[in-house]
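Student: As you go down the protein sequences, you meet chains U and V in turn.
Using numbering that gives the first Met the number 0, the letters of the first sequence correspond one by one to residues 0 to 217.
Using numbering that gives the first Met the number 0, the letters of the second sequence correspond one by one to residues 0 to 430.
Positions of the beta carbon are idealized from the N, C-alpha and C atoms, including for glycine.
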Amino acid sequence: MLLAIRNISKTYRQRERTVAALAEASLTVAAGEFVALQGPSGCGKSTMLLAAGALLAPDAGTVTVCEQDIYALNSEHRAIFRAGHIGFVFQQFHLMPYLSVQDNILSATLAQPQAGALARVGMLAETLGLTARLLHTPDQLSVGERQRTALARALMNQPKLILADEPTGNLDADNAAVVLRFLKDYAAAGGGVLMVTHDAGAAAGAQRIVRMQAGRVV
Amino acid sequence: MRLPTLVLRELSYRKLNFVLALLAVAAAVAGLVGLLVILTDHDTRTARSIAAQETQVTQRAKELEDDYRKITKGLGFNVLILPKDQNMADFLAEGYASKTMPESYVTKLAEAKDIATIEHLLPALEQRTTWTEHQDRAVRMVGVRGQVPFVYKQSEKKPLLDPVNKGEIVLGYELHHQYGLKVGQQITFRGQAFKISKAYPQRGTQDDITVWISLAEAQKMLDKPGQINAIWALNCNCFSADRLAEMRAEITRYLPDTQVTELSSNAMARAEARKRAHTEAQQQLEFAKKDGLRQRADIESLGSLLLLLVVLGGGVWIGLLALGNVRERLGEIGILRAMGVRAYQILGVFLLRALLVGVLGAVVGVGLGLLVAYGVARRPDAAQFNELVNARIIVLMALTIPAAALLAMLASWIPAVLATKQDPALVLCRE
Chain U
0 MLLAIRNISK TYRQRERTVA ALAEASLTVA AGEFVALQGP SGCGKSTMLL AAGALLAPDA
60 GTVTVCEQDI YALNSEHRAI FRAGHIGFVF QQFHLMPYLS VQDNILSATL AQPQAGALAR
120 VGMLAETLGL TARLLHTPDQ LSVGERQRTA LARALMNQPK LILADEPTGN LDADNAAVVL
180 RFLKDYAAAG GGVLMVTHDA GAAAGAQRIV RMQAGRVV
Chain V
0 MRLPTLVLRE LSYRKLNFVL ALLAVAAAVA GLVGLLVILT DHDTRTARSI AAQETQVTQR
60 AKELEDDYRK ITKGLGFNVL ILPKDQNMAD FLAEGYASKT MPESYVTKLA EAKDIATIEH
120 LLPALEQRTT WTEHQDRAVR MVGVRGQVPF VYKQSEKKPL LDPVNKGEIV LGYELHHQYG
180 LKVGQQITFR GQAFKISKAY PQRGTQDDIT VWISLAEAQK MLDKPGQINA IWALNCNCFS
240 ADRLAEMRAE ITRYLPDTQV TELSSNAMAR AEARKRAHTE AQQQLEFAKK DGLRQRADIE
300 SLGSLLLLLV VLGGGVWIGL LALGNVRERL GEIGILRAMG VRAYQILGVF LLRALLVGVL
360 GAVVGVGLGL LVAYGVARRP DAAQFNELVN ARIIVLMALT IPAAALLAML ASWIPAVLAT
420 KQDPALVLCR E
């Protein structure tokens, strides 16, 4: 199993208030599978995604990616593991405004240097329709182009698993379709995709839809 | 991609933050270089002024010493060389030496090469006697032949006592005053005719009852041919603790059959006067030096305080700018951490940024400091540019570059560490 989340719980403590974001939630994503995670706001979708991405340690339960219990690793090794196995796509893109499209995609290699990085950037840009925009900065791009740039950056280190948090949330229908098609193709090529979305249309493109309610998978 | 590329792109993007941080470093470095230049200028000008004052003071001291010498010269000779077998008790009781020594002794001493402790050699034959032509009036008779110059010493000093020519006589005040004698008048002294060549004014010493005639005539009159009973001299400007011992050693090396004594009051007055002149000159010079040092210390302490404020202010300013930079880049930090960039790399991003700010700021600051030096050098009384920017300043300026880089990194350390402590999950959720 590419991603196996087993009985994880996570409680946020804010001063005297506690919020149970996840309660014994479990989820799996196999290689070649595109899974959509749906649920109302505050149901724990994003927490689940961050836990799956080795960014947020659960209070209980385990998360394994490529058979590695990621929270058994220390912080630095977890970062190394993330760099080699997991790619993130966020609704807000999180592109660096001072870097060109090419350099934003290349920024993934800060964590994992690789030979032939420029050639791979060229290939990804071509696949995502960004070749003409490689030397442009984010403020010169359309919203769709920005999300495609973020997607290319997530794929730069050839991760096994892509975690996408509302990747089409800011996009128009055409651009959303491009991104979803790409994620589908990625899964079809053997990768795993876990996508958090509110959008039923976007979720419909996934092979499987997992619903959450109050921190539990239902 | 490498970290430096990321840092350089970010610096060129957030120009205002970069320029403000750079200016803080530049101001601190320019302040330091400026202070060094101003201190160097002050040192150079003070050294120049002290050298000029030293010349003036040395000149003044010479003049003062000469004045004192002239004044104390009036006190007369203060060193007396007597025959070795002369009983000092008798000498003091009689006022003259009863023993004699060859007149050639004075020549021997004058021809000595290394006599340094005395000058103005005056051979004399003295004796208490009576002026038979004036009711056997008691007089002091001194036979002199004038001062004998040192062969190996060049002296332009005026003799203390002029020679008395044969057939002439010089009278002390009491003698010419009492008998109404005038210069040019012919008189008889102990049966021999003399013409009065000089009549001294009142001195209040034994000189007032003294008659001076030529040495040869005195020797003949006293029946002591080729003999003298004293060599008078004047001690040199010696400041040593044992002046008399030095003189004795020097003189008796050439004249072993003599003894040397000093008229202590005259000698002390002379030595004290000269010492005082010398000390006063030294004190003036010391005061000038101390004044220069005090001024330098004032500039240094004020400059150091200002510099400290500039450096501290600059450090705080850089730290705040770095903190602002970190806050502005939280999303970036979050995504970099999510992509697997390690904490030390995040630390490196901010410290490398600070390093570049420090180095470039220092280079700009050194440039501004050189402009200060150029400005200072253009002042009419200032040191030249190459004197101000000497090797020491150049080394210090070179050292300010790594120092500024280190300071900027230290100032950015806490914000950089805060950046590494950012929880990417929280940051990404918040953003």
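Would you identify the three-state DSSP class for residue 165/U, choosing helix, strand or coil?
Tutor: Position 166 of the first sequence holds residue 165/U. Residue 165/U falls in the coil class under three-state DSSP.
Student: Using DSSP bridges, identify the partner residues of residue 142/V.
Tutor: Taking the first residue of the second sequence as position 1, residue 142/V is located at position 143. Paired residues: 124/V, 212/V.
Student: Could you check where the alpha helix (DSSP H) with residue 4/V kicks off and where it finishes?
Tutor: Here the question's residue 4/V lines up with position 5 in the second sequence. 2 to 12 is the extent of the alpha helix (DSSP H) around residue 4/V.
Student: With three or more beta-carbon pairs closer than 8 Å as the criterion, would you say the region 128 to 144 of chain V touches the region 185 to 204 of chain V?
Tutor: yes
Student: So, residue 49/V versus residue 140/V, is the Cβ gap smaller than 8 Å?
Tutor: On the second sequence, position 50 is the one that residue 49/V refers to. On the second sequence, position 141 is the one that residue 140/V refers to. The answer is no: Cβ separation not under 8 Å.
Student: Given a cut-off of 8 Å, decide if residue 113/U and residue 82/U are closer than it, judged by their beta-carbon atoms.
Tutor: As a position in the first sequence, residue 82/U is number 83, starting the count at 1. As a position in the first sequence, residue 113/U is number 114, starting the count at 1. The answer is no: Cβ separation not under 8 Å.
Student: Quick one, which of 193/V, 176/V, 150/V has its alpha-carbon nearest residue 165/V's?
Tutor: Here residue 165/V corresponds to residue number 166 of the second sequence, with the count starting at 1. When the alpha-carbon of residue 165/V is set against those of 193/V, 176/V, 150/V, the nearest one is in 193/V.
Student: So, using beta-carbon positions, are residue 30/U and residue 191/U closer together than 8 Å?
Tutor: Numbered from its first residue, the first sequence carries residue 30/U at position 31. Numbered from its first residue, the first sequence carries residue 191/U at position 192. In contact: residue 30/U and residue 191/U (Cβ atoms closer than 8 Å).
Student: Does the CB of residue 25/U have a neighbour CB from chain V at under 8 Å?
Tutor: For the purposes of this step, residue 25/U is taken as residue 26 along the first sequence, with counting starting at 1. Answer no: the Cβ-Cβ gap between residue 25/U and chain V never drops below 8 Å.
Student: Apart from the five residues on each side of it in sequence, which residues of its chain come closer than 8 Å, Cβ to Cβ, to residue 351/V?
Tutor: For the purposes of this step, residue 351/V is identified with residue 352 of the second sequence, where counting begins at 1. Answer for residue 351/V: 2, 3, 6, listed in chain order.
Student: Counting only C-beta atoms, is residue 377/V closer than 8 Å to chain U at any point?
Tutor: Walking along the second sequence from the start, residue 377/V turns up at place 378. Proximity of residue 377/V to chain U, defined by a Cβ-Cβ separation below 8 Å, is not satisfied.
Student: Is the region 48 to 68 of chain U touching the region 32 to 50 of chain V, taking contact as three or more C-beta pairs under 8 Å?
Tutor: The region 48 to 68 of chain U makes no contact with the region 32 to 50 of chain V: fewer than 3 CB pairs, one atom from each, lie closer than 8 Å.
Student: Tell me which residues of the region 67 to 81 of chain U have at least one Cβ-Cβ distance to chain V shorter than 9 Å, keeping chain order.
Tutor: 74, 75, 77, 78, 79, 80, 81
Student: Which chain C residues sit within Cβ distance under 9 Å of residue 111/U?
Tutor: In the displayed structure, chain C is absent; the protein chains listed are U and V.
Student: Give the residues from the region 323 to 357 of chain V that approach chain U closer than 8 Å (Cβ to any Cβ), ordered along the chain.
Tutor: 330, 331, 333, 334, 335, 336, 337, 338, 339, 340, 341, 342, 344
Student: Going by beta carbon distance, what residues of the same chain come within less than 8 Å of residue 42/V, once the five residues before and after it are set aside?
Tutor: Taking the first residue of the second sequence as position 1, residue 42/V is located at position 43. In its chain, beyond the 5 residues on either side, 295 have a beta carbon closer than 8 Å to the beta carbon of residue 42/V.
Student: What is the C-beta distance between residue 105/U and residue 118/U, in whole angstroms, given that I count them as a contact (C-beta under 8 Å)?
Tutor: Counted from its first residue, the first sequence places residue 105/U at position 106. Counted from its first residue, the first sequence places residue 118/U at position 119. Not really, about 11 Å apart at Cβ, beyond 8 Å.
Student: Compare the C-alpha of residue 371/V against each of 23/V, 39/V, 13/V and name the closest.
Tutor: Here residue 371/V is taken as the residue at index 372 of the second sequence, counted from 1. It is 39/V.
Student: Using a beta-carbon distance below 8 Å, is residue 417/V in contact with chain U?
Tutor: Here the question's residue 417/V lines up with position 418 in the second sequence. No, residue 417/V does not count as interfacial toward chain U.
Student: Is the CB-CB distance between residue 172/V and residue 222/V below 8 Å?
Tutor: As a position in the second sequence, residue 172/V is number 173, starting the count at 1. As a position in the second sequence, residue 222/V is number 223, starting the count at 1. The answer is no: Cβ separation not under 8 Å.
Student: Could you please give me the residues that DSSP links to residue 146/U through a beta bridge?
Tutor: As a first step, residue 146/U is located in the first sequence; it is residue number 147 there, counting from the start. Beta-bridge pairing links residue 146/U to no other residue.
Student: Which residues in the same chain as residue 205/V place their Cβ atom closer than 6 Å to its Cβ, once the five residues preceding and following it in sequence are excluded?
Tutor: Along the second sequence, read from residue 1 onward, the residue named residue 205/V stands at position 206. Closer than 6 Å at the Cβ level, and outside the excluded window around residue 205/V, lie 139.
Student: According to DSSP, simplified to helix, strand and coil, what is residue 95/U?
Tutor: Here residue 95/U refers to the residue found at position 96 when the first sequence is read from its first residue. Coil.
Student: Determine the burial state of residue 149/V: buried for a count of at least 16 other Cβ atoms within 10 Å of its Cβ, exposed for fewer.
Tutor: Here residue 149/V corresponds to residue number 150 of the second sequence, with the count starting at 1. Burial call: buried.
Student: For residue 480/V, return the contacting residues in chain U, with the cut-off set at a CB-CB distance below 8 Å.
Tutor: Residue 480/V lies beyond the range of chain V shown here (0 to 430); nothing can be said about it.
Student: For residue 183/U, which three-state DSSP category applies?
Tutor: Translated into the one-based positions of the first sequence, residue 183/U becomes position 184. Correct three-state label for residue 183/U: helix.
Student: Does any C-beta atom of chain U lie closer than 8 Å to the C-beta of residue 373/V?
Tutor: Sequence index remark: in the second sequence, residue 373/V carries index 374 (1-based). Chain U, which has no Cβ nearer than 8 Å to the Cβ of residue 373/V, makes this no.
Student: When the Cα atoms are used, what is the spatial distance from residue 217/V to residue 280/V?
Tutor: As a first step, residue 217/V is located in the second sequence; it is residue number 218 there, counting from the start. As a first step, residue 280/V is located in the second sequence; it is residue number 281 there, counting from the start. Cα-Cα distance, rounded: 46 Å.
Student: Which bits of chain V does residue 107/U rub up against, with CB to CB less than 7 Å?
Tutor: Residue numbering aside, residue 107/U sits at position 108 when the first sequence is read from its first letter. Per Cβ cutoff of 7 Å: 338.
Student: In the DSSP assignment, what residue or residues form a beta bridge with residue 220/U?
Tutor: What the structure shows of chain U is the stretch from 0 to 217, and residue 220/U is not part of that stretch, so it cannot be assessed.
Student: Report yes if the C-beta distance between residue 145/U and residue 89/U is below 8 Å; otherwise report no.
Tutor: Reading the first sequence from its first residue, position 146 is the one you call residue 145/U. Reading the first sequence from its first residue, position 90 is the one you call residue 89/U. For residue 145/U and residue 89/U, no; Cβs fall outside 8 Å.
Student: Please check if any C-beta of chain V sits within less than 8 Å of the C-beta of residue 135/U.
Tutor: If you number the first sequence from 1, residue 135/U lands on position 136. Not one chain V Cβ lies under 8 Å of residue 135/U.
Student: Confirm, please, whether the CB-CB distance from residue 122/V to residue 214/V is below 8 Å.
Tutor: Locating residue 214/V in the second sequence gives position 215, counting from the first residue. Locating residue 122/V in the second sequence gives position 123, counting from the first residue. In this structure, residue 122/V lies closer than 8 Å to residue 214/V by Cβ.
Student: Identify, in the order they occur along the chain, each residue of the same chain with its Cβ nearer than 8 Å to the Cβ of residue 349/V, setting aside the five sequence neighbours on each side.
Tutor: Along the second sequence, read from residue 1 onward, the residue named residue 349/V stands at position 350. Closer than 8 Å at the Cβ level, and outside the excluded window around residue 349/V, lie 321, 324, 325, 411, 414, 415, 418.
Student: Just confirm the distance between the C-beta atoms of residue 317/V and residue 23/V, as a whole number of angstroms; I'd bet it's less than 8 Å.
Tutor: Looking up residue 317/V in the second sequence gives position 318. Looking up residue 23/V in the second sequence gives position 24. Residue 317/V to residue 23/V, Cβ: 5 Å. Contact.
Student: To test your reading of the DSSP string, which unbroken beta strand (DSSP E) runs of 3 or more residues are found completely within the region 98 to 146 of chain U?
Tutor: Runs found: none.
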